[in-house]
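In our numbering, the protein residues as written are 1134 to 1697.
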């Protein structure tokens, strides 16, 4: 039973002053969440109801594919994290117990679960296994932001699979894809499954689940039949107008012109015909000159994958020492390792001359400089897929991820099994994460309007918002109380506004909280023998006869929720 007069549901007229994301503003205003500190949030009853509904959908779909729910500790000894090389991650909370033993607060549970499997799995007959948990995670996030989207403590569903070989992993991975697709469909949000980078998790392959919305901190590249995070997306660049073709590079004066826009405008060439030179220093102190088209940007994740090592931008003094004045550097005559982006091609290109106020025109890769080649640029709108479809870019929230870990964790932690021939083999692993809070936030972002939230029926805190416009001592209140009881007996989750407050406040709060169906019981409607119904998402109004009202409300709700 949920009567607002007895419920902790502190709605607000104005959002927090520091709130930027729509979900941050509305979830606070609607009394769903409250902040305790930077990146630390308390879920109030309404917000936790939505969160728990997401959790239940996750549980049902993981159980459906044979997942076994467990619970692992958040506080863990540091030793296994040191063995896997993840102890040095900046975002990992590190501490010591009273004995001085190093400990961590887990951000994921690969180390813990792999250690258990190393002790329990003996034979190929013990495989495969798929376990999951819904557990608190801790992350020393450098810049908590966007309300519950980027926090330092959160609940995550993390699942881990254990197979005999890559073929078994692929089978389990595909099962989890099917489960995840159903989870997001059932949650009612819009989503894409995209190719992604393995990042700090490691492994051989990964996908992310993205929910498009304006507050998204990621960007996805989309085309018919194609979806990828821009961190790894590849596409064909737009054609460029070739510059002047010469028998060799020719100097051209460009005094004070350092940017792509300035040089291309002065020389009357397509910005894509310029070679942008980006010098970097790897973690092994190697100086590399990376080249991208003038109309493109270097993608640091693609670069790290291409080099197999992290790097940083070179400083001005390092550039001066190796090449020449910043703003005028280029590959021709450079005695450094050169990595050219695959999109650079053709002849008649323009590059820096490695001398002040000079560029070179008529540059041709291969003829004028040697290079290695890789895809290291970020895709842009206007690129196309191999079958000619244009790429569009859309901001999105990451709401889940899945990784083919392979033996990334089983080898350092000694998780092995004996195969049919009695030979010891490393267990092949996968990991699969979902953030319930991110699904809640995505729903808030995707379906809100200028009045407030609008929950998908599957994860709404309550299905029906019942509003009584009469005071406690008025006869119409008894009719509202009766309808409330009838709806509860019908199995509905009802938020009943029985407060001694004005109609304006009650109706405004109903819009803000965003339950799928609002039913108003007031003197005017009862005089006509009706309850007044309103669908939150569509705005469709319903005149519901008092006689048989609960049954009619059930029919309306079944229709709007797609369950009829």
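Idealized CB from N, CA, C, for every residue including glycine.
If you're wondering where the values come from, they're calculated on a predicted model, not measured in any experiment.
- Burial is judged here by how many other beta carbons sit within 10 angstroms of a residue's own beta carbon; residue 1234 has fewer than 16 and is exposed.
- One Cα belongs to residue 1383, the other to residue 1518, and the distance between them is close to 35 angstroms.
- Residue 1138 has its alpha-carbon roughly 7 angstroms from the corresponding atom of residue 1630.
- Separation of residue 1691 and residue 1616 (C-alpha to C-alpha, rounded to the nearest whole angstrom) is 18 angstroms.
- The residue from 1658, 1241 and 1176 with its alpha-carbon nearest to that of residue 1602 is 1658.
- For residue 1669, the CB contacts under 6 angstroms within the same chain, skipping 5 residues up- and downstream, are 1587, 1647 and 1649 in chain order.
- The alpha carbon of residue 1304 has as its nearest neighbour, out of 1268, 1151, 1262 and 1345, the alpha carbon of 1262.
- C-alpha of residue 1420 to C-alpha of residue 1576: approximately 46 angstroms in a straight line.
- Secondary structure at residue 1174: strand, using DSSP grouped into helix, strand and coil.
- Secondary structure note for residue 1474: its beta strand (DSSP E) is the uninterrupted segment 1470-1474.
- Put simply, the backbone Cα of residue 1591 is about 22 angstroms away from that of residue 1141.
- Within its own chain, the residues whose Cβ lies closer than 6 angstroms to the Cβ of residue 1390, once the five positions on either side in sequence are excluded, are 1396 and 1399, listed in chain order.
- For the pair residue 1208 and residue 1246, the CB atoms are not nearer than the 9 angstroms cut-off.
- Classified as exposed, residue 1525 has fewer than 16 neighbouring CB atoms from the shown chains inside 10 Å of its CB.
- If you draw a 10 Å sphere on the C-beta of residue 1169, you find fewer than 16 other C-beta atoms in it, and that means exposed.
- Our two residues, residue 1146 and residue 1651, have alpha carbons roughly 20 angstroms apart in a direct line.
- A straight-line Cα-Cα distance of about 22 angstroms links residue 1306 and residue 1322.
- The region 1677-1694 makes contact with the region 1658-1667: 3 or more CB pairs, one atom from each, lie closer than 8 angstroms.
- Cα atoms of residue 1282 and residue 1570: separation of roughly 7 angstroms, rounded to the nearest angstrom.
- By the 16-neighbour rule on beta-carbons within 10 angstroms, residue 1354 is buried.
- Judged by their CB atoms, residue 1330 and residue 1439 are not nearer to each other than the 9 angstroms cut-off.
- Per DSSP, residue 1485 is one residue of the beta strand (DSSP E) stretching across 1482-1485.
- Residue 1472 and residue 1436 have their C-alpha atoms spaced approximately 9 angstroms apart.
- The criterion of a C-beta distance shorter than 9 angstroms is not satisfied by residue 1242 and residue 1313.
- For residue 1327, same chain residues with a beta-carbon under 6 angstroms away, outside a window of 5 residues either side, are 1341, 1343, 1353, 1360, 1361 and 1362 in chain order.
- CA-to-CA, the gap between residue 1149 and residue 1623 works out to about 38 angstroms.
- Within the DSSP secondary-structure output, residue 1550 pairs in a beta bridge with 1558.
- By the Cβ-count criterion, residue 1300 is exposed, with fewer than 16 other Cβ atoms from all chains shown falling within 10 Å of its own Cβ.
- Considered as a whole, the region 1159-1240 harbours 1178-1197 and 1212-1217 as its complete alpha helix (DSSP H) runs of no fewer than 4 residues, in chain order.
- In the three-state reduction of the DSSP assignment, residue 1303 falls in the helix class, which pools H, G and I.
- Residue 1160 is positioned such that its CB atom lies no closer than 9 angstroms to that of residue 1286.
- Annotation: residue 1538 to residue 1563 spans about 5 angstroms, alpha carbon to alpha carbon.
- Look at residue 1295 here: in three-state DSSP terms it is strand.
- Under the three-state reduction of DSSP, residue 1494 is assigned to strand.
- Across the structure, residue 1618 and residue 1694 are spaced so that their CA atoms are roughly 22 angstroms apart.
- When DSSP states are grouped into helix, strand and coil, residue 1617 belongs to the helix group.
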